[in-house]
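To start, the structure itself, in structure tokens.
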Amino acid sequence: MRRVKKTAYYSWLIGSMPKGCELCVRGRKLVLFVTGLCPRNCYYCPLSDTKKNLDVTFANEWKTSSDEEIITEARLCSSRGAGITGGDPLVRLKRTLHYIKLLKSEFDDFHIHLYTSLKLLTKARLRLLYNAGLDEIRVHPKLEDDGDWQRIRLLSEFKWDKGIEIPVIPGMEKETRQLIDYAEGKVGFINLNELEIADNNASKLLEQGFVPKDRSSYAVKGSHQMAMRLMRYLRGKSLNNHYCTARLKDRVQLASRIKLRARSVAQRFDRITPEGTLIRGVIYASNAKPGFSYHKNLTRLRPDEKKRILKDLKDLKTMLSREYRIRPELLVLDNDKPRLLTSPGLVEKLSARIKQDGFCPAIVEEYPTKDAMEVEVEFV
Numbered sequence: 020m021r022r023v024k025k026t027a028y029y030s031w032l033i034g035s036m037p038k039g040c041e042l043c044v045r046g047r048k049l050v051l052f053v054t055g056l057c058p059r060n061c062y063y064c065p066l067s068d069t070k071k072n073l074d075v076t077f078a079n080e081w082k083t084s085s086d087e088e089i090i091t092e093a094r095l096c097s098s099r100g101a102g103i104t105g106g107d108p109l110v111r112l113k114r115t116l117h118y119i120k121l122l123k124s125e126f127d128d129f130h131i132h133l134y135t136s137l138k139l140l141t142k143a144r145l146r147l148l149y150n151a152g153l154d155e156i157r158v159h160p161k162l163e164d165d166g167d168w169q170r171i172r173l174l175s176e177f178k179w180d181k182g183i184e185i186p187v188i189p190g191m192e193k194e195t196r197q198l199i200d201y202a203e204g205k206v207g208f209i210n211l212n213e214l215e216i217a218d219n220n221a222s223k224l225l226e227q228g229f230v231p232k233d234r235s236s237y238a239v240k241g242s243h244q245m246a247m248r249l250m251r252y253l254r255g256k257s258l259n260n261h262y263c264t265a266r267l268k269d270r271v272q273l274a275s276r277i278k279l280r281a282r283s284v285a286q287r288f289d290r291i292t293p294e295g296t297l298i299r300g301v302i303y304a305s306n307a308k309p310g311f312s313y314h315k316n317l318t319r320l321r322p323d324e325k326k327r328i329l330k331d332l333k334d335l336k337t338m339l340s341r342e343y344r345i346r347p348e349l350l351v352l353d354n355d356k357p358r359l360l361t362s363p364g365l366v367e368k369l370s371a372r373i374k375q376d377g378f379c380p381a382i383v384e385e386y387p388t389k390d391a392m393e394v395e396v397e398f399v
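Below, the structure written as structure tokens:
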């Protein structure tokens with residue numbers, strides 16, 4: 020009987036970990052979201068309302084519109100591989116194939132795994148994915164309907180790593196064990212994910228009576244206990260098994276990737292916290308400062324409004340540089356948000372002067388991601 024081992028990543032393992040997971044827990048995987056379109060409509064779907072059923076592409080937190088942006092994000096995060104996900108990437112097969120070839124040609128020894136449902140799986144599509152260079156494929160069978168399970172056999176036609184990845188849904192233990200029995204000998208691994216309640220309109224978990232396991236977690240009560248029972252069952256099987264907890268995703272996977280990106284994007288005046296967030300001084304225009312619906316309001320800025328704000332900030336940068344002999348590299352114009360970035364010490368020192376010109380100085384802690392999501396904003 021095989022042993023269940025606890026890893027250093029808040030997860031449990033039987034046998035060996037898939038290569039995709041090995042890179043993921045170290046923060047070395049680019050999350051390439053190909054499309055929000057999907058042939059299924061799962062009641063536990065975790066997709067946000069900005070992705071669900073929308074034909075959009077994201078590289079990590081960056082909503083991308085070009086190959087160059089995807090390559091840039093991979094470099095900024097020091098990625099050594101990518102996990103291609105959705106929606107279902109097979110809905111946009113041509114796009115998915117393009118991205119696999121793009122990343123394989125741009126980076127050496129770059130591992131790519133892909134998630135898909137069984138709904139669109141055919142031998143012809145799998146051959147295209149394999150020939151494009153896909154290293155690992157993970158399928159998500161529907162537990163309550165085994166009609167498509169026979170398609171799992173198609174994965175064995177090609178020499179890649181193949182497995183199943185599913186959420187652990189309390190109340191579906193019998194069906195999950197049946198899937199494990201069916202998968203034996205057909206795939207190399209099965210990944211179990213602790214079920215989480217998503218803050219979106221698609222998830223119907225709360226309506227169906229599922230509750231969080233505690234006040235500080237989105238993980239569903241009972242999911243972890245069921246996963247441990249399934250692992251005991253899997254000890255008698257030949258499948259490799261990795262149980263990924265909600266804690267791993269937040270404290271390890273995301274945290275490790277954020278720390279890597281922070282090293283790449285931090286300005287010389289930024290302070291990187293142990294968690295990988297950035298503490299910096301920020302100067303905002305009065306009509307584009309953090310507050311209620313800040314990020315939504317930024318997307319609603321008309322091009323002419325944003326252009327005017329950037330011009331005003333650029334003029335302020337010129338004035339401050341001249342009056343206080345500040346080196347240009349210590350005042351950086353952020354074209355995305357829009358705002359001026361500088362050191363916390365400088366905004367504190369020049370707070371009165373900045374306000375006199377109608378701007379809002381602040382000390383900000385934020386993530387080093389493309390969306391620069393704020394953790395804390397303190398106006399000074």
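One gets the working numbering by counting positions in the sequence shown from 1 and adding 19 to each. Cβ atoms here follow ideal geometry from the backbone N, Cα and C, with glycine treated the same way.
Residue i and residue j look like a contact to me (Cβ under 8 Å); what is the Cβ gap, rounded to whole Å?
i, j, result
"residue 189", "residue 247", "That belief does not hold up - the Cβ atoms of residue 189 and residue 247 are roughly 12 Å apart, past 8 Å."
"residue 398", "residue 305", "Not a contact, Cβ separation roughly 11 Å."
"residue 386", "residue 277", "6 Å"
"residue 383", "residue 299", "6 Å"
"residue 357", "residue 307", "6 Å"
"residue 267", "residue 281", "About 20 Å separates the two Cβ atoms, so there is no contact after all."
"residue 45", "residue 275", "6 Å"
Over the uninterrupted alpha helix (DSSP H) stretch that includes residue i, give me the two end residues.
i, result
"residue 14", "Since the first residue shown for the chain is 20 and the last is 399, residue 14 is missing from the structure and cannot be characterised."
"residue 363", "363 to 368"
"residue 44", "38 to 44"
"residue 356", "Run containing residue 356: none; DSSP gives neither H nor E here."
Buried or exposed: residue i, going by 16 or more other Cβ atoms within 10 Å of its Cβ?
i, result
"residue 130", "buried"
"residue 208", "buried"
"residue 28", "buried"
"residue 312", "exposed"
"residue 272", "buried"
"residue 150", "exposed"
"residue 366", "buried"
"residue 214", "buried"
Could you check if residue i belongs to the surroundings of the ligand NAP, using beta carbon to heavy atom distance under 7 Å?
i, result
"residue 114", "Looking at this structure, you won't find the ligand NAP or any other ligand, since it has none at all."
For residue i, list the residues DSSP reports as bridge partners.
i, result
"residue 130", "100"
"residue 215", "238"
"residue 381", "301, 398"
"residue 171", "DSSP lists no partner for residue 171."
"residue 231", "239"
"residue 33", "260"
"residue 80", "Paired residues: none, contrary to the question."
"residue 11", "Residue 11 lies beyond the stretch modelled for the chain, which goes from 20 to 399, so this question has no answer here."
Could you have a look at residue i and say whether DSSP puts it in helix, strand or coil?
i, result
"residue 256", "coil"
"residue 166", "helix"
"residue 64", "coil"
"residue 57", "coil"
"residue 201", "helix"
"residue 135", "strand"
"residue 294", "coil"
"residue 28", "coil"
"residue 210", "strand"
"residue 345", "coil"
"residue 307", "coil"
"residue 393", "strand"
"residue 48", "strand"
"residue 220", "coil"
From which residue to which residue does the beta strand (DSSP E) around residue i run?
i, result
"residue 353", "351 to 353"
"residue 182", "180 to 187"
"residue 21", "Run containing residue 21: none; DSSP gives neither H nor E here."
"residue 176", "No beta strand (DSSP E) contains residue 176, which DSSP labels as neither H nor E."
"residue 156", "155 to 159"
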